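The structure appears right after this line, and notes come after that.
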Amino acid sequence: MKDLVEIIAKSLVDNPDAVEVKAVAGEQSLILELKVAPEDMGKVIGKQGRIAKAIRTVVKAAAIKENKRVVVEII
Numbered sequence: 001m002k003d004l005v006e007i008i009a010k011s012l013v014d015n016p017d018a019v020e021v022k023a024v025a026g027e028q029s030l031i032l033e034l035k036v037a038p039e040d041m042g043k044v045i046g047k048q049g050r051i052a053k054a055i056r057t058v059v060k061a062a063a064i065k066e067n068k069r070v071v072v073e074i075i
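Take UniProt numbering: the final residue in the sequence shown is number 75, and no numbers are missing along the way.
See the structure below:
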């Protein structure tokens, strides 16, 4: 899951070296914290949050295959 979010984020931003994804395991879920450069924040979120929503949808679909609950947070 972490690699999936990282690949998607790196393909969207101008500064792919600044992309960081940290996985925090909870009791029943996995929280993925996505951190990008401040100037790339708009590219990851998109207009009205459309790109962020799409990233969450793709990750959620991949998580269902593994019977896990994954939350993506953009920091």
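Every residue, glycine too, gets a C-beta built ideally from N, C-alpha and C.
On a predicted model such as this, the values are computed, not experimentally measured, just so you know.
Among the options, nearest to residue i - alpha-carbon criterion
i	options	result
residue 84	Lys53, Ala62, Asp40, Ile7	Summary: the structure shown does not reach residue 84, with the chain confined to residues 1 through 75, and so no result is reported for it.
Ala37	Val71, Ala63, Glu20	Glu20
Ala63	Lys47, Ile74, Ile31, Ala9	Ile31
Asn35	Lys10, Ala54, Glu27	The sequence shown places Lys at residue 35, rather than the Asn named in the question. The candidate whose alpha carbon is nearest that of Lys35 is Lys10.
Which of helix, strand or coil DSSP assigns to residue i
i	result
Val24	strand
Ile74	strand
Glu33	strand
Whole-number beta carbon distance between residue j and residue i, since they are thought to touch under 8 Å
i	j	result
Val58	Ile51	With a Cβ gap of about 11 Å, Val58 and Ile51 do not count as contacting.
residue 76	Arg69	Look at the range of the chain in this structure, 1 to 75, and you will see that residue 76 is not part of it.
Beta-carbon contacts of residue i that lie in its chain and below 8 Å, excluding the five residues immediately before and after
i	result
Leu12	Asp40, Lys43, Val44, Ile51
Cβ-based neighbour list, residue i, same chain, cut-off 7 Å, excluding 5 preceding and 5 following
i	result
Glu66	none
Lys2	Val21, Ala23, Leu32
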